[in-house]
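The structure appears below as structure tokens.
In my numbering, the protein residues as written are 148 to 842.
So, in structure tokens, the structure goes:
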């Protein structure tokens with residue numbers, strides 16, 4: 148849907164994030180600053196139903212119609228769930244003859260050398276649907292053997308009719324995509340019903356396995372995502388909406404539904420990326436130069452480093468792991484993304500006793516259907532949320548802003564039936580504490596490892612907690628990591644929806660063009676980047692003339708098997724680029740690069756539209772009230788403190804600049820903040836809550 152000129156009546160900006168358990172909506176009236184936050188249960192079978200329910204809540208609570216909105220920005224787990232559940236399209240592959248098994252052979256490295264029963268990710272495309280075609284392009288882009296167009300036609304005629312999508316991946320097509328584009332022309336002529344994904348458009352970079360996987364993922368999820376996005380835009384139009392529809396990307400930018408439908412592999416981490424973006428703006432507002440953004444929702448917990456107001460970006464995303472918390476057990480997705488690491492379970496993750504008699508949490512999740520046992524929707528297995536309820540952290544009468552009532556007896560029955568029976572214990576409190584402490588320890592360990600990999604002491608960072616479950620667990624993680632400062636943004640429980648309203652319109656592209664640094668000058672570098680920029684502008688019809696440029700060089704010492712992302716220095720010279728590479732190498736690997744010829748392998752450009760997005764203060768500010776402790780309830784803070792009668796307060800009633808000492812429970816519409824004994828908390832004028840470590 149194209150962008151429209153904003154009229155006086157179009158005053159609302161709306162962000163809608165579909166999570167694993169809840170669908171969150173955040174809306175802001177651009178004229179008055181009024182904010183609306185709503186949570187509804189996600190509807191995994193029909194994701195659009197949850198979106199409709201959230202929009203109905205918006206209209207009911209504001210009296211405004213959807214026609215009064217200037218933009219709707221959306222994040223969805225549809226692409227991710229389609230991949231995880233293996234419910235994508237039946238997909239075929241056209242590839243260079245002799246190389247159809249690349250998707251299956253992958254790399255020789257095993258993520259666990261000593262596991263004789265190791266489970267590897269099966270390829271997304273069946274072998275009998277992977278068709279070898281005679282053609283060959285060299286690494287320099289030269290055509291060594293012409294495309295056998297007749298073979299393409301024969302292959303297409305042999306495909307079953309239930310094949311609805313096709314990936315086209317030829318060797319070295321990153322250097323010359325002529326054969327792939329010619330094959331697409333044939334596909335559209337012979338089988339116009341097929342969705343076609345070309346590797347030269349999805350991921351035009353070296354390393355055929357990674358390029359093939361990215362294209363296969365794109366082809367696998369594209370039909371389902373494309374249909375959903377069309378349904379979404381059609382529904383919005385029927386409800387009177389005539390503004391701009393934006394879709395969140397994994398790299399923290401925003402694209403159009405048409406772009407997301409063409410390249411759905413770029414939106415796999417759209418929801419978590421939006422949450423990290425919200426935390427990043429909080430870090431900027433609070434003057435934090437080094438932070439860990441921590442988001443814990445209903446199904447998973449993720450973290451991302453934030454340096455100087457910018458989340459760390461990676462080109463090595465990993466998806467659909469066979470072993471959820473084990474690196475390299477999934478599919479590599481070499482597309483730009485925020486460097487999100489999966490650090491633990493979510494609120495709906497199921498606790499159980501392993502075959503060895505050990506307590507474990509996840510990776511299975513109760514999600515929203517049936518949900519944790521305490522939801523009373525048919526679930527009978529204990530989850531992290533059930534444990535939080537049993538420890539007194541969560542108010543059973545004010546869950547999700549009072550839209551749900553939790554059943555404590557059901558949570559207790561699940562914990563007894565699934566955990567205590569197998570351990571021979573009768574102590575429900577200690578069982579619940581064991582679940583919570585295990586989850587917190589696992590998350591703290593993963594954050595510690597991630598920080599160390601970046602050469603950072605986690606104790607020197609500030610934790611920024613978001614998500615429905617994040618504020619419940621952040622205090623313990625802060626304690627375990629020795630951090631001194633913890634920040635909760637306003638609307639922390641719906642941070643991903645907030646982040647959607649902060650996301651900029653952006654386009655990006657990475658290409659391979661290997662060159663020795665000693666064989667190029669600054670002018671040659673500018674020429675290559677200018678050509679890449681021109682390609683991006685040609686691909687976009689709504690970027691306008693006001694945009695910011697950001698360039699990354701992917702560099703290595705000749706002979707290395709990996710590259711490092713190096714930001715293009717402000718003053719471009721060969722010396723400044725070499726120094727930037729040396730600094731990045733030292734920071735990431737703990738030593739300067741070995742002597743040798745330095746190469747630029749990949750070139751990345753991102754253009755970000757200069758538009759007035761909502762500032763973090765505008766979104767996160769709110770009215771001030773006199774703080775009043777409405778009640779108290781017993782909460783368990785571990786063997787050291789035991790059960791404590793803990794003051795409870797609604798977040799919106801906390802007056803700025805007042806200081807309190809924990810223990811304390813702060814209830815928000817989307818989450819509960821647990822302040823540990825001795826921790827000091829104060830409310831900031833912009834709405835953030837800041838916790839300082841106990842002395």
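Beta carbons are placed, not taken as given, at the ideal position from N, Cα and C, and that holds for glycine.
The Cβ-Cβ distance between residue 344 and residue 328 does not fall below 8 Å. Here the alpha carbons of residue 506 and residue 634 stand approximately 31 Å from one another.
In the three-state DSSP reduction, residue 715 falls in the coil class, being neither helix nor strand.
Its Cα nearest to that of residue 645, the residue 424 stands out among 424, 296 and 394. DSSP places residue 258 outside both helix and strand once states are collapsed to three, so it counts as coil. The region 442-452 makes contact with the region 494-503; the number of CB pairs closer than 8 Å reaches 3 or more.
When the Cα atoms are used, residue 162 and residue 228 turn out to be separated by approximately 20 Å. Residue 757 sits exposed, since fewer than 16 C-beta atoms from the chains shown fall within 10 Å of its C-beta. Shown here for residue 687: same chain residues with a beta carbon closer than 7 Å to its own, the five before and five after excluded, namely 654 in chain order. The DSSP-derived three-state label of residue 359 is helix.
Judged by their CB atoms, residue 615 and residue 418 are not nearer to each other than the 8 Å cut-off. In the structure shown, residue 598 adopts helical secondary structure according to DSSP, grouped into three states. Between residue 352 and residue 398, the gap from beta carbon to beta carbon reaches 8 Å or more. When the Cα atoms are used, residue 313 and residue 322 turn out to be separated by approximately 21 Å. A check of alpha carbon separations from residue 504 across 388, 514, 571 and 512 identifies 571 as the nearest. For the 8 Å CB-CB criterion, residue 539 and residue 689 do not form a contact. Ranking 356, 182, 534 and 803 by CA distance to the CA of residue 253 puts 356 first. For a cut-off of 8 Å, the C-beta gap from residue 444 to residue 408 is around 25 Å, too long to register as a contact. Counting along the chain, the unbroken beta strand (DSSP E) around residue 291 starts and ends at 290-292.
Taken through DSSP and simplified to helix, strand or coil, residue 605 comes out as helix. Following the DSSP letters along the chain, one finds residue 798 in no beta strand (DSSP E), marked with neither H nor E. Going by DSSP, residue 507 is part of the beta strand (DSSP E) stretching over 506-512. The beta carbons of residue 276 and residue 311 sit about 11 Å from each other, so the pair does not count as a contact at 8 Å. Secondary structure in the region 805-838: the beta strand (DSSP E) runs of 3 residues or longer, each lying completely within the stretch, are 806-808, 811-814, 819-822 and 827-830 in chain order.
Taken through DSSP and simplified to helix, strand or coil, residue 218 comes out as strand. Short of 8 Å from the beta carbon of residue 661, and not among the five residues preceding or following it, lie these beta carbons of its own chain, in chain order: 353, 746, 747 and 748.
In the DSSP assignment, residue 670 falls within the alpha helix (DSSP H) that extends over 669-686. Straight-line spacing of the CA atoms in residue 430 and residue 807 works out to 22 Å.
Residue range 694-704 is occupied by the beta strand (DSSP E) that includes residue 702.
With respect to the C-alpha of residue 190, the residue from 225, 221 and 182 having the closest C-alpha is 225. When only Cα atoms are considered, residue 673 and residue 510 end up about 47 Å apart. Here residue 165 really is in contact with residue 194; their C-beta atoms are around 6 Å apart, less than 8 Å.
The alpha-carbon of residue 217 is positioned some 41 Å away from that of residue 587. At the C-beta level, residue 594 and residue 439 come within 8 Å of one another. Sixteen is the threshold: since fewer than 16 other Cβ atoms of the shown chains lie within 10 Å of the Cβ of residue 734, the residue is exposed. By the neighbour-count criterion, in which a residue is buried when 16 or more other Cβ atoms sit within 10 angstroms of its Cβ, residue 832 is exposed.
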